[in-house]
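The structure appears right after this line, and notes come after that.
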Amino acid sequence: MLEIKNLHAKVEEKEILKGISLSVKPGELHVIMGPNGAGKSTLANVLAGRDKFEVTQGEIQFNGQSLIEMLPEHRAGEGMFLSFQYPVAIPGVNNMYFLKAAVNAVRKYRGESELDAVTFLKMIREKLKVVELDDSFIHRPVNEGFSGGEKKRNEILQMISLEPKLAILDETDSGLDIDALRVIAEGINNYRNNDRAFILITHYQRMLNYMQPDFIHVLMDGKIVKSGPKELAHELEEKGYSWI
Amino acid sequence: MSFTNYQNEFQKLLDRKYFSSEMHPLRKDAFTKLEACGFPTQKWEDWRFTNLSALTENHFLISEIKDAPQNNIDISQYKMDGIQTIVIYNGHFQQDISSVPEGIELLSGAEYSKQMNGQLFHSENSPFDLLNTAFMDSGVCLIVAKNTSIETPVRVLFISNGDNSIMVNPRIYIDIESNSSLMFIEEHVGDATLFFQNEAVYITIEKNSEVEHVRIQSNSMNTHNMANLHVKQLEYSRYKFYQYADGGKLSRSNIYVDLDGENAECNINCLSLSRGNQHIDNSIKVNHNTPHTYSSLLVKSVLFDNSTGVFNGRTVVKKDAQKIEAHQSNKNLLLSKSAKMNSIPQLEIYADDVKCSHGSTTGQLDDDALFYFQTRGIPKNEAFVLLVSGFVSEVMEKIKFEPLKNYINQKINSWIA
Numbered sequence: 056m057l058e059i060k061n062l063h064a065k066v067e068e069k070e071i072l073k074g075i076s077l078s079v080k081p082g083e084l085h086v087i088m089g090p091n092g093a094g095k096s097t098l099a100n101v102l103a104g105r106d107k108f109e110v111t112q113g114e115i116q117f118n119g120q121s122l123i124e125m126l127p128e129h130r131a132g133e134g135m136f137l138s139f140q141y142p143v144a145i146p147g148v149n150n151m152y153f154l155k156a157a158v159n160a161v162r163k164y165r166g167e168s169e170l171d172a173v174t175f176l177k178m179i180r181e182k183l184k185v186v187e188l189d190d191s192f193i194h195r196p197v198n199e200g201f202s203g204g205e206k207k208r209n210e211i212l213q214m215i216s217l218e219p220k221l222a223i224l225d226e227t228d229s230g231l232d233i234d235a236l237r238v239i240a241e242g243i244n245n246y247r248n249n250d251r252a253f254i255l256i257t258h259y260q261r262m263l264n265y266m267q268p269d270f271i272h273v274l275m276d277g278k279i280v281k282s283g284p285k286e287l288a289h290e291l292e293e294k295g296y297s298w299i
Numbered sequence: 017m018s019f020t021n022y023q024n025e026f027q028k029l030l031d032r033k034y035f036s037s038e039m040h041p042l043r044k045d046a047f048t049k050l051e052a053c054g055f056p057t058q059k060w061e062d063w064r065f066t067n068l069s070a071l072t073e074n075h076f077l078i079s080e081i082k083d084a085p086q087n088n089i090d091i092s093q094y095k096m097d098g099i100q101t102i103v104i105y106n107g108h109f110q111q112d113i114s115s116v117p118e119g120i121e122l123l124s125g126a127e128y129s130k131q132m133n134g135q136l137f138h139s140e141n142s143p144f145d146l147l148n149t150a151f152m153d154s155g156v157c158l159i160v161a162k163n164t165s166i167e168t169p170v171r172v173l174f175i176s177n178g179d180n181s182i183m184v185n186p187r188i189y190i191d192i193e194s195n196s197s198l199m200f201i202e203e204h205v206g207d208a209t210l211f212f213q214n215e216a217v218y219i220t221i222e223k224n225s226e227v228e229h230v231r232i233q234s235n236s237m238n239t240h241n242m243a244n245l246h247v248k249q250l251e252y253s254r255y256k257f258y259q260y261a262d263g264g265k266l267s268r269s270n271i272y273v274d275l276d277g278e279n280a281e282c283n284i285n286c287l288s289l290s291r292g293n294q295h296i297d298n299s300i301k302v303n304h305n306t307p308h309t310y311s312s313l314l315v316k317s318v319l320f321d322n323s324t325g326v327f328n329g330r331t332v333v334k335k336d337a338q339k340i341e342a343h344q345s346n347k348n349l350l351l352s353k354s355a356k357m358n359s360i361p362q363l364e365i366y367a368d369d370v371k372c373s374h375g376s377t378t379g380q381l382d383d384d385a386l387f388y389f390q391t392r393g394i395p396k397n398e399a400f401v402l403l404v405s406g407f408v409s410e411v412m413e414k415i416k417f418e419p420l421k422n423y424i425n426q427k428i429n430s431w432i433a
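Just so you know, the sequences run in chain order A and B. In terms of the numbering used here, the first sequence opens at residue 56 and continues consecutively. In terms of the numbering used here, the second sequence opens at residue 17 and continues consecutively.
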């Protein structure tokens, strides 16, 4: 599904990704861990198409298509989703309006008919239940005045509404209390299937108590320095990154 | 600066047979004062960001009978349901297609002056007040007696059309007696190739009354708009002002509010959308003259291309005006590298027990927000429209009359797209 080969990327002349290779198959859950400044968020942003990062070398294939020249909105249409570490607040834009615009833009890209207001509302009410949020939530401006937990639930709400093939979750677990963590982990677990893959970027292994990753990768100084099964996360938790 | 043109036009106006000569002393007095001070230059502190040279470089002529419409005019494109409209075309009142809701007394300037025994209230806050008094032409006076709520909004539709370079000086009086309310709309439209409109609006709101005032400035890109608004509020009165401006080449709104009675409250909301070489200046002065008065200013501008803007907000709290509350907020969005905004929020406080705040921000569209929308599949151009709409939405949000709010929202959306 996703093939990253020898990926190098820089921002303002500073090289951050220094040769990353990663292969993700449908149905898999990959976890990327690593210390601050290792390049985890950069990798997520490069995959989603942020133009302030320049890819200088390597390639990214997503479902057989090269991603590097593709616009972020087309990547979303192709089935890529990024849950942001710090989702931006957008005063004045109603959350429901935003969600509807997003869902319909993606449907349009995929050649599906756009949802009318009634069908959309029905669909979104079902999804709200999954993330345990009430209806009033979608009538507020996007992320404006949301608590940390609400922002992350809103990200998951968007994810399950857009039905991506690959979801990249950038520190979706940080800053959450146990309840929010459980809701989000369950949201992801219920959403896993054989066709859909996840990349979870995290600092902590506590999220992994709720889920079953296939691979753990350790990203340090712009490179993946170690990969292994779930147990690797426990080891990192105990010994820290200097052990590697 | 040459005033010859204005002197010639003033003489023409005095020679008019159909203008009441009873007003002449007032006009002459104002014109003499205007000649003495001249138009503001950029050396004047309150005018330093607005270049008015176009007003003397162009020869504006007073509007003559020939500038009135020769045939019936079609105003269907400005149709709004549920309101009544007074039409002024190039300074000429169009009686046949004008009406006001029941309960409002509509008078011409001359009739109003007679009713006031010739004691017309007028201000001399700026040279443009003097210019208006000297040349005042289309007079519209709306009087609402006490204990009268006018449910139907009334609109004055100013149409400026044609190829002659015309100057008009509309004069509007709105007197709302106690325990009454009115929704007043002024809409400025037209396709004039060169036009100068210098309007003066005087609003008096007596005890416990409310006025919602919406000003829509969507006239041609060759119009010079000078709007001089004077509001006087007595106790427990409420004044809500909304200005939407996307038209005009050079525009300045001088807004003066006097909170003269305790518990008077005003909310001033302005939204300016400019492109090309447009210049939109909003200068607002609120005087808290008595204790327990409230004011809030919300002024936003979106600027494209080489357009420029000014926000000059001045809130003055008099020495004995304790326990007042005053807020100012100015936010500007620059959508090109060459657009320019000047923001001067000022608080002048001479009392010591007050609650005041002011803030001003000017910035570009948030890249993070654009990217966020794109990652959700929303194409960049659509994301842009959503974000700009989001930025402006709160300014006109509280307009109570839905058809009007929708009318303005449509204008906003077509402007952004």
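Ideal placement from N, C-alpha and C gives every residue a C-beta, glycine not left out.
Closer than 7 Å at the beta carbon, the chain A residues around residue i
| i | result |
| --- | --- |
| residue 394 of chain B | 128, 156, 157, 160 |
| residue 409 of chain B | 147 |
| residue 385 of chain B | 143, 145 |
Own chain residues within Cβ distance below 7 Å of residue i, not counting five before or after
| i | result |
| --- | --- |
| residue 210 of chain A | 138, 139, 142, 227 |
| residue 187 of chain A | 238 |
| residue 399 of chain B | 386, 389, 390 |
Which of helix, strand or coil DSSP assigns to residue i
| i | result |
| --- | --- |
| residue 69 of chain B | coil |
| residue 383 of chain B | helix |
| residue 218 of chain B | strand |
| residue 251 of chain A | coil |
| residue 414 of chain B | coil |
| residue 292 of chain A | helix |
| residue 264 of chain B | coil |
| residue 270 of chain B | strand |
| residue 243 of chain A | helix |
| residue 97 of chain B | coil |
| residue 91 of chain B | coil |
| residue 277 of chain B | coil |
| residue 132 of chain A | helix |
| residue 324 of chain B | strand |
| residue 100 of chain A | helix |
| residue 162 of chain A | helix |
| residue 17 of chain B | The predicted model places residue 17 of chain B with a pLDDT of 47, which falls under 50 and marks its position as unreliable; any figure quoted below should be read in that light. Looking at residue 17 of chain B - three-state DSSP - the assignment turns out to be coil, as it is neither helix nor strand. |
| residue 214 of chain A | helix |
| residue 208 of chain A | helix |
Same chain, Cβ closer than 6 Å to residue i, neighbours up to 5 away in sequence not counted
| i | result |
| --- | --- |
| residue 222 of chain A | 136, 214, 253 |
| residue 229 of chain B | 200, 257 |
| residue 303 of chain B | 274, 332 |
| residue 103 of chain B | 110, 113, 114, 173 |
| residue 96 of chain B | 419, 423 |
| residue 371 of chain B | 341 |
| residue 431 of chain B | 262, 289 |
| residue 330 of chain B | 301, 362 |
| residue 101 of chain A | 64, 108 |
Residue i, buried or exposed, once every other Cβ within 10 Å from all chains shown has been counted against 16
| i | result |
| --- | --- |
| residue 57 of chain B | exposed |
| residue 252 of chain B | buried |
| residue 261 of chain B | buried |
| residue 284 of chain A | exposed |
| residue 232 of chain A | exposed |
| residue 59 of chain A | buried |
| residue 189 of chain A | exposed |
| residue 81 of chain B | exposed |
| residue 282 of chain B | buried |
| residue 85 of chain A | buried |
Cutoff 8 Å; reference residue i; Cβ partners in own chain excluding five residues on either side
| i | result |
| --- | --- |
| residue 64 of chain B | 58 |
| residue 249 of chain A | 81, 82 |
Within chain B, partners of residue i - CB distance below 9 Å
| i | result |
| --- | --- |
| residue 193 of chain A | Within 9 Å Cβ-Cβ: nothing; residue 193 of chain A doesn't reach chain B, min ~14 Å. |
Amino acids of chain A, ordered along the chain, whose beta-carbon sits closer than 8 Å to that of residue i
| i | result |
| --- | --- |
| residue 388 of chain B | 139, 142, 143, 145 |
| residue 398 of chain B | 156, 160 |
| residue 331 of chain B | Chain A residues near residue 331 of chain B: none, gap ~24 Å exceeds 8 Å. |
Listed by chain order, chain B residues near residue i by CB distance under 7 Å
| i | result |
| --- | --- |
| residue 246 of chain A | Within 7 Å Cβ-Cβ: nothing; residue 246 of chain A doesn't reach chain B, min ~17 Å. |
Closer than 9 Å at the beta carbon, the chain A residues around residue i
| i | result |
| --- | --- |
| residue 379 of chain B | Near residue 379 of chain B there are no residues of chain A at all, since even the closest Cβ is about 13 Å away, more than 9 Å. |
Would you call the segment 64 to 82 of chain A in contact with the segment 94 to 114 of chain A, where contact means no fewer than 3 C-beta pairs closer than 8 Å?
Pairwise C-beta distances place the segment 64 to 82 of chain A in contact with the segment 94 to 114 of chain A, as three or more of them are shorter than 8 Å.
Hey, is the segment 358 to 367 of chain B in contact with the segment 116 to 124 of chain A, meaning 3+ C-beta pairs nearer than 8 Å?
Under the 8 Å Cβ criterion, the segment 358 to 367 of chain B does not count as touching the segment 116 to 124 of chain A, having fewer than three qualifying pairs.
Could you check whether the segment 136 to 145 of chain B touches the segment 162 to 170 of chain B, counting it as contact only if at least three pairs of C-beta atoms, one from each stretch, sit closer than 8 Å?
Result no; under three Cβ-Cβ pairs closer than 8 Å.
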